[in-house]
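For reference, the structure discussed in these notes is given below.
In our numbering, the protein residues as written are -1 to 55.
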């Protein structure tokens, strides 16, 4: 299920930021929609790539 985050939350050891699109299982997606954490994504939205954090030093 493709969703769009309405506010930041943790998923799979990372953070999904508000406005970011992502995929999840159907049951988890319905729970996020019910809790108003996410909404169904538009068909043309593509899941964003995971962000990489570059270590300094």
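Ideal Cβ positions, reconstructed from N, Cα and C, are used throughout, including at glycine. Predicted, not measured: the structure shown is a model, and the values here were computed from it.
Counting C-beta atoms within 10 angstroms of its own C-beta, residue 30 has 16 or more neighbours from the protein chains shown and is therefore classed as buried. DSSP, read as helix, strand or coil, puts residue 14 in strand. Taking a 10 Å sphere around the C-beta of residue 17, we find fewer than 16 other C-beta atoms and assign the residue as exposed.
In this structure, residue 15 sits away from residue 39, with a CB-CB distance that is not shorter than 8 Å. DSSP, reduced to helix, strand and coil, places residue 30 within a helical segment of the structure shown.
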